[in-house]
Structure formats: C-alpha cells, structure tokens
Amino acid sequence: MKSMLLSRRDLDFLLFEWLRVDELTKRERFAEHSRETFDAVLDLCEQLATRYFAPHNKKNDANEPTFDGEKVSLIPEVKQAWDAFAEADLMGMALDVRLGGAQLPAAVAQAGIAWFYAANVSTSGYLMLTMANANLLSHFGSDDQIEAFLKPMLSGRFSGTMALSETQAGSSLADVLTRAEPQDDGTYRLFGSKMWISGAEHELTDNIVNLVLAKIPGGPAGTKGISLFIVPKYLVDADGSVGERNDVVLAGLNHKMGQRGITNTVLNFGEGAFTPDGKAGAVGYLVGEPHRGITYMFTMMNEARLGVGMGAVALGYTGYLKSVEYARQRPQGRPVTAKDPSAPQVPIIEHADVKRMLLAQKAYVEGGMALLLFCARLVDISHSAESDDEREHATLLLDMLTPVGKSWPSQWCLEANNIAIQVHGGYGYTREYDVEQHYRDNRLNPIHEGTHGIQSLDLLGRKVTMRGGAGLAALGEAIGRTVTEAAALGGETAEQASELGATWQRLVSVTAAMFSSGDVEAALANSVIYLEAFGHVVVAWIWLQQVMAAHGRDGDFYDGKRQAARYFYRYELPKTGPQLDLLERLDRTTLQMCDRWF
Numbered sequence: 001m002k003s004m005l006l007s008r009r010d011l012d013f014l015l016f017e018w019l020r021v022d023e024l025t026k027r028e029r030f031a032e033h034s035r036e037t038f039d040a041v042l043d044l045c046e047q048l049a050t051r052y053f054a055p056h057n058k059k060n061d062a063n064e065p066t067f068d069g070e071k072v073s074l075i076p077e078v079k080q081a082w083d084a085f086a087e088a089d090l091m092g093m094a095l096d097v098r099l100g101g102a103q104l105p106a107a108v109a110q111a112g113i114a115w116f117y118a119a120n121v122s123t124s125g126y127l128m129l130t131m132a133n134a135n136l137l138s139h140f141g142s143d144d145q146i147e148a149f150l151k152p153m154l155s156g157r158f159s160g161t162m163a164l165s166e167t168q169a170g171s172s173l174a175d176v177l178t179r180a181e182p183q184d185d186g187t188y189r190l191f192g193s194k195m196w197i198s199g200a201e202h203e204l205t206d207n208i209v210n211l212v213l214a215k216i217p218g219g220p221a222g223t224k225g226i227s228l229f230i231v232p233k234y235l236v237d238a239d240g241s242v243g244e245r246n247d248v249v250l251a252g253l254n255h256k257m258g259q260r261g262i263t264n265t266v267l268n269f270g271e272g273a274f275t276p277d278g279k280a281g282a283v284g285y286l287v288g289e290p291h292r293g294i295t296y297m298f299t300m301m302n303e304a305r306l307g308v309g310m311g312a313v314a315l316g317y318t319g320y321l322k323s324v325e326y327a328r329q330r331p332q333g334r335p336v337t338a339k340d341p342s343a344p345q346v347p348i349i350e351h352a353d354v355k356r357m358l359l360a361q362k363a364y365v366e367g368g369m370a371l372l373l374f375c376a377r378l379v380d381i382s383h384s385a386e387s388d389d390e391r392e393h394a395t396l397l398l399d400m401l402t403p404v405g406k407s408w409p410s411q412w413c414l415e416a417n418n419i420a421i422q423v424h425g426g427y428g429y430t431r432e433y434d435v436e437q438h439y440r441d442n443r444l445n446p447i448h449e450g451t452h453g454i455q456s457l458d459l460l461g462r463k464v465t466m467r468g469g470a471g472l473a474a475l476g477e478a479i480g481r482t483v484t485e486a487a488a489l490g491g492e493t494a495e496q497a498s499e500l501g502a503t504w505q506r507l508v509s510v511t512a513a514m515f516s517s518g519d520v521e522a523a524l525a526n527s528v529i530y531l532e533a534f535g536h537v538v539v540a541w542i543w544l545q546q547v548m549a550a551h552g553r554d555g556d557f558y559d560g561k562r563q564a565a566r567y568f569y570r571y572e573l574p575k576t577g578p579q580l581d582l583l584e585r586l587d588r589t590t591l592q593m594c595d596r597w598f
C-alpha cells in the first residue's frame with residue numbers, strides 16, 4: 001500500500017539518482033556500508049514510523065501532556081514509540097562507531113528520521129533533541145561525560161534537551177541570567193529559570209540530560225561570557241546508575257497550538273526543592289572550556305535548525321500526499337467546457353485550480369526535501385573529506401545554506417499545509433481530517449530555533465559577508481557549474497539554466513549594492529525579504545539539479561519532476577524580481593514607521 005507519510009520513490013531518486021549517496025561508501029568513514037544497508041535502514045524507519053508513531057498522532061494532539069504538580073503524564077503510546085525506536089538502535093544512526101553509533105551518512109539518517117516527523121512530529125521531537133544533544137557531546141564532551149550521559153542516550157535509557165531561552169531574554173542570549181557558581185570539586189551549581197524548553201520533563205526515560213547555557217560570575221559580558229553545562233534531572237553515580245534527584249524543577253507546562261504531544265516546559269534551577277549533597281543549586285558539569293558555550297551550542301542549534309527544516313518538509317509532504325489522494329477521490333463539478341448538467345461529476349483533481357494548488361505543494365515539498373538532503377550530504381562530505389579544501393568548501397556551503405534550510409521549508413512547506421486545507425475544502429478545517437493538525441503543527445516551525453527575522457539577519461548580516469564573502473562566492477561557483485552543465489543539455493533545461501543564472505547574478509549585484517551604500521541599517525531592514533528571495537533562488541537551483549538527474553528518463557515519476565520544476569520556474573522564481581527591486585532601493589518604509597502611528 002502506498003504510504004501517505006512520504007514518497008519512498010522520491011527519497012530513492014533524491015538519495016541515489018541525484019545525490020548518489022551510495023558513492024559515499026568509497027570513503028573510509030562509510031566503507032562498512034552499502035546501498036543494501038541504506039535501503040534496510042530506510043525500510044526500517046518507514047515500518048516503525050507507520051506502526052508505532054502514526055497511529056497515535058491525532059490522539060497525541062487531543063491528549064496533550066498534563067502536570068499534576070509532581071508528575072508529567074503522557075499517553076502510553078509515546079513510551080511505546082520511544083522504546084521501539086531505541087530498541088531498533090537508531091538513536092545513533094549518524095554517530096561514530098567508537099561511540100556506539102552506526103556511522104551512517106547524515107543524508108540517509110535524515111531521510112530516515114523524516115518518516116518519523118511525517119508520522120508524528122510531537123513524539124519525534126523527543127528523538128530529535130536527544131540525537132542533537134548526543135551529537136554535541138560527541139564533539140565537545142569529556143570521556144567521562146560521554147560514558148555517563150551520551151552512551152545512555154544512544155541506548156534510549158536517557159533522553160536529552162537544550163535549555164537556552166529565558167523569559168526576559170527570548171532569542172537574545174546575551175541577556176540570559178542563569179548563573180553557574182564553581183565548586184571546589186570541579187562541578188558547578190546553577191541558579192535560574194529557562195522557558196520554552198521542549199522535552200525537559202516526562203517519564204519516558206530514566207534520566208533527562210539538559211544542556212544549559214549559563215554565566216559563570218566574573219566572566220565577560222554578553223555572549224562571550226556564556227558557558228555550557230550538563231544539568232541532568234538525576235545525578236549519575238560512578239557505576240552509571242541513576243542517583244539522587246538534582247535541583248531541576250518543572251514550574252509548569254506551556255500549551256501550544258500545535259505539536260501538543262511533546263512537553264514544552266518552564267524549568268527552574270536551584271530553587272531548593274532538592275538539595276544534592278545538602279547544598280543549594282542544581283549540579284552542573286562544564287562542557288569544554290568556560291565562556292565558549294555559544295560556540296558549542298551552535299553545533300546543536302545548527303543541527304536543530306536543519307532538523308526543524310526537515311520537520312517542516314515532512315509535515316508539508318504528508319499533507320501534500322493526503323490532499324492528492326483526497327483530490328483523486330472527491331467528485332465535484334464538471335469541466336468548465338461541459339454543457340450537460342446531468343453529466344457525471346469529475347474528481348476535483350481534474351480542475352485546473354486544484355492542479356495548480358497540488359503543483360505548488362509538490363514544488364514546495366519536493367524542493368524542500370531535496371534542499372535538506374543536499375545539506376545533509378554536505379555534512380557527510382565535511383565529515384569524510386579527503387582534503388582540507390574539500391572540507392572547507394563543504395563547510396562554507398553548509399554555513400550559507402543553514403539559514404535557508406531552516407527558514408525556507410518553515411515558510412513554504414507551511415504554505416503547502418495551508419493549500420492542503422484549501423484542497424480539502426470545508427473538510428479541510430475539520431478535525432476529522434489530518435490536514436488541519438498538520439498546519440497547526442507546522443506553524444510552530446517558523447519560530448522554532450530562531451525566527452525568520454533571526455535567520456535573515458544571520459544570512460545577510462553574517463553569512464554573506466563572512467571571510468570577505470567566501471561563502472557567497474562558493475555558492476555562486478556551485479550554481480555556476482550547474483548552470484553550465486544544464487545549458488549543455490539544451491531545450492527547456494537550458495532555458496531554466498539561463499533564468500537561474502541571470503537571477504543569481506542579479507541577487508549578487510543587489511547584495512553588493514546594499515552593502516556598498518554604507519547604510520547598514522537600511523540594508524538589514526528588509527533582511528527577511530532578502531532571505532525569501534535568496535531561498536527561492538537556492539531552491540530553483542536545487543530543482544534544476546533534479547531536472548538534470550531526470551534528464552533522458554521516461555515515466556510518470558520523471559515527467560512529474562519536470563512539471564514541478566516548470567511550475568517553480570514559471571510561478572515562483574519570478575517572484576524574486578520585485579523583491580530584489582525593493583532591496584536595491586534600500587527602502588526605509590519600515591525604519592521610518594513610528595510607534596505612535598500604529
């Protein structure tokens with residue numbers, strides 16, 4: 001039976017016909033794997049997601065976690081799904097074998113985890129946070145920390161979170177107030193509160209490993225004074241067993257419009273509810289060096305940002321598949337040229353406007369999936385690079401694309417969910433159909449892990465200018481190679497290549513003009529518009545690569561790819577023209593608006 005979660009055919013095309021991920025097995029890091037192991041992992045992920053995650057998605061939404069003042073309760077299916085995932089040994093899919101991981105390519109691991117996001121994004125959130133936490137500790141944790149915290153997370157005994165935000169600071173991490181006071185034994189005692197912390201309280205696992213940003217008294221001001229600490233719910237004894245309760249207390253749960261099945265918490269540290277060793281404060285263990293917490297945390301944050309992007313894609317994708325299926329089965333109306341009102345009704349998929357909506361969804365979700373898997377393959381190249389130049393190039397491209405990989409799917413795959421509701425008509429906004437929940441779940445992603453505004457400032461204010469524009473130049477070279485190769489194929493592919501090349505050159509010239517003006521405030525005032533235009537150009541590039549991979553191949557699947565690319569180039573890429581015009585003018589309308597005028 002065809003899955004309504006994701007298209008395995010599309011994943012196989014993207015991974016093996018376009019990205020040629022199986023060729024990574026020629027590299028030492030992935031030499032123990034093969035196409036067969038990749039297929040087996042994808043099969044397993046689809047099976048587990050379908051059997052353990054999808055069935056309780058709506059129940060999760062209708063029965064969100066509750067807190068009675070002492071304990072958080074979840075529906076039992078969440079625990080069953082967690083255990084099934086852990087028992088399948090998937091928690092460390094992409095981590096090193098030496099740590100207990102499977103050392104799979106990130107591209108395969110991301111394609112695998114996408115099945116779980118599509119099936120049940122709330123329950124999958126516990127997985128994503130734990131995997132990202134473990135990945136951070138694999139890079140920066142000490143040997144003792146890896147043994148005590150990382151390995152139990154890979155086995156599913158422990159889960160993990162990231163605790164960054166605070167009520168008064170929000171996304172401005174320089175303003176966090178949580179403090180960490182050093183102790184004679186090398187540990188720290190933490191005092192403070194964190195807000196919007198997903199997955200930080202539950203009974204799914206024996207322990208919860210919180211990665212917490214805090215300031216050591218006397219350190220530098222701002223973000224340069226932030227350090228990173230492991231603050232577990234329970235202390236861990238020398239033999240690895242769970243010990244006494246740490247002074248980490250749940251102050252309450254936040255209640256969200258979507259992704260209701262994962263706890264979203266307010267945590268208090270060091271309020272005295274528990275006193276390990278009879279002392280005040282939550283026991284914390286410094287990760288790495290003092291005052292480098294932001295640097296370390298960006299490893300997890302960037303992984304989480306791409307995870308948010310993949311979650312947005314998966315939600316958009318399943319909504320797309322369900323709306324296609326609905327459109328095929330729903331009879332309504334007749335062709336506009338039909339004259340006989342007694343003629344049989346036709347499925348709505350035969351109507352031009354419904355085709356337009358479905359094409360838009362297809363262009364967004366398949367473009368978004370390709371973008372995120374391309375980013376994952378850059379991770380694989382950087383981890384298995386055969387030269388310093390190769391590693392540097394992959395890292396530069398990944399740095400440039402991370403804000404796009406987070407924000408573009410969060411905007412346009414959310415729009416795919418919006419369209420899915422429209423395709424369903426009146427049924428679309430009823431709870432009996434899945435698409436209204438998918439929209440609510442996906443609406444959180446434009447905010448999760450940094451809003452569009454934050455990502456746009458990162459892209460335009462930092463990534464575009466870093467190292468004298470090296471990242472922008474690297475992306476330009478990559479796009480230029482695609483344009484040249486596509487032009488050689490002739491026909492419509494060459495026309496699309498020409499359009500992409502011209503739009504990219506316009507984007508580069510507008511970027512240069514924005515900064516050459518010297519008016520940085522005006523240049524950054526419309527950074528979200530820049531991010532939207534930049535993202536559309538990038539996804540047009542990704543679509544052109546898919547067209548090239550489909551070149552010379554016949555069949556409905558490949559014809560569908562070409563038609564979706566055609567739609568993107570005719571309906572979507574032209575939208576960047578007015579956006580670039582606005583950016584080039586350094587428009588100050590928003591800057592000149594006064595508070596009292598609202």
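First residue of the sequence shown: 1, per the UniProt record's numbering; consecutive thereafter.
We treat Cβ as the ideally placed atom computed from N, Cα and C, and that holds for glycine.
Worksheet item: Between which two residues does the beta strand (DSSP E) containing residue 476 stretch?
Response: From DSSP, residue 476 is part of no beta strand (DSSP E) but of the alpha helix (DSSP H) over 470-487.
Worksheet item: Are there three or more Cβ pairs, one per stretch, closer than 8 Å when the region 465-485 is compared with the region 355-372?
Response: no
Item to complete: Go ahead and label residue 210 buried or exposed: buried means 16 or more other beta carbons lie within 10 angstroms of its beta carbon, across all protein chains shown.
Response: buried
Worksheet item: If you run the structure through DSSP and keep just helix, strand and coil, what is residue 163?
Response: strand
Item to complete: Determine the contact status of residue 22 and residue 38, defining contact as a CB-CB distance below 8 Å.
Response: yes
Item to complete: Grab me the residues of residue 44's own chain with a C-beta within less than 7 Å of its C-beta, minus the 5 sequence neighbours each way, in chain order.
Response: 88
Item to complete: Compute the distance between the beta-carbons of residue 273 and residue 247, then report whether it is under 8 Å.
Response: yes
Fill in: Nearest residue (CA-CA) to residue 378, options 303, 563 and 311
303
Worksheet item: Whose CA, out of 69, 549 and 40, lies closest to the CA of residue 493?
Response: 549
Practice prompt. Can you tell me which of 539, 503, 583 and 537 puts its alpha carbon nearest to the alpha carbon of residue 516?
Written response: 583
Item to complete: Any chance you could list the alpha helix (DSSP H) runs of at least 4 consecutive residues sitting entirely within the region 118-173, in chain order?
Response: 121-140 and 151-155
Worksheet item: For the beta strand (DSSP E) that residue 601 lies in, which residues bound it at each end?
Response: Since the first residue shown for the chain is 1 and the last is 598, residue 601 is missing from the structure and cannot be characterised.
Worksheet item: So the alpha helix (DSSP H) residue 57 belongs to, where does it begin and stop?
Response: 57-62
Worksheet item: Anyone know if the C-beta pair for residue 382 and residue 398 falls short of 8 Å?
Response: yes
Discussion item. What does the alpha-carbon distance come out to for the pair residue 411 and residue 10?
Written reply: 21 Å
Worksheet item: Under the three-state reduction of DSSP, which class applies to residue 535: helix, strand or coil?
Response: helix
Item to complete: Starting from the Cα of residue 175, find the closest Cα among 283, 110, 141 and 222 and give me that residue.
Response: 222
Discussion item. Measuring alpha carbon to alpha carbon, tell me which residue in 167, 162, 133 and 139 is nearest residue 153.
Written reply: 133
Worksheet item: For residue 594, does the count of other Cβ atoms within 10 angstroms reach 16, so buried, or fall short, so exposed?
Response: exposed
Practice prompt. Give the DSSP bridge partners of residue 44, in chain order.
Written response: Looking at the DSSP assignment, residue 44 forms no beta bridge with any residue, so it has no partner.
Worksheet item: With 16 as the cutoff for other CB atoms within 10 Å, does residue 364 come out buried or exposed?
Response: buried
Discussion item. So, for residue 167: in the same chain, excluding its five sequence neighbours on each side, which residues have a beta-carbon less than 6 Å away from its beta-carbon?
Written reply: 195
Item to complete: Determine the direct distance from the alpha carbon of residue 4 to that of residue 470, and round the result to whole angstroms.
Response: 42 Å
Worksheet item: By how many angstroms is the C-alpha of residue 119 removed from the C-alpha of residue 425?
Response: 23 Å
Discussion item. What does the alpha-carbon distance come out to for the pair residue 564 and residue 408?
Written reply: 17 Å
Worksheet item: Distance, Cα to Cα, residue 573 vs residue 505?
Response: 14 Å
Worksheet entry | Same chain, Cβ closer than 7 Å to residue 427, neighbours up to 5 away in sequence not counted | 433
Practice prompt. Return the Cβ separation of residue 500 and residue 533 in integer angstroms, given the expectation that the two are a contact with Cβ distance under 8 Å.
Written response: About 13 Å; that fails the 8 Å criterion.
Worksheet item: Which first and last residues belong to the alpha helix (DSSP H) in which residue 382 is found?
Response: 352-383
Worksheet item: Considering residue 227, what are the terminal residues of the beta strand (DSSP E) in which it resides?
Response: 226-232
Worksheet item: Given residue 144, which residues of its chain have a CB within under 7 Å of its CB, disregarding the five upstream and five downstream residues?
Response: none
Worksheet item: Can you list, in chain order, the residues of its chain whose CB lies under 7 Å from that of residue 519, leaving out five sequence neighbours each side?
Response: 586
Item to complete: Helix, strand or coil for residue 221, going by three-state DSSP, please let me know.
Response: coil
Practice prompt. Please classify residue 215: does DSSP put it in a helix, a strand, or coil?
Written response: strand
Practice prompt. Give the secondary structure of residue 98 by DSSP, where H, G and I count as helix, E and B as strand, and everything else as coil.
Written response: helix
Discussion item. Do residue 269 and residue 231 count as a contact pair if the criterion is CB distance below 8 Å?
Written reply: yes
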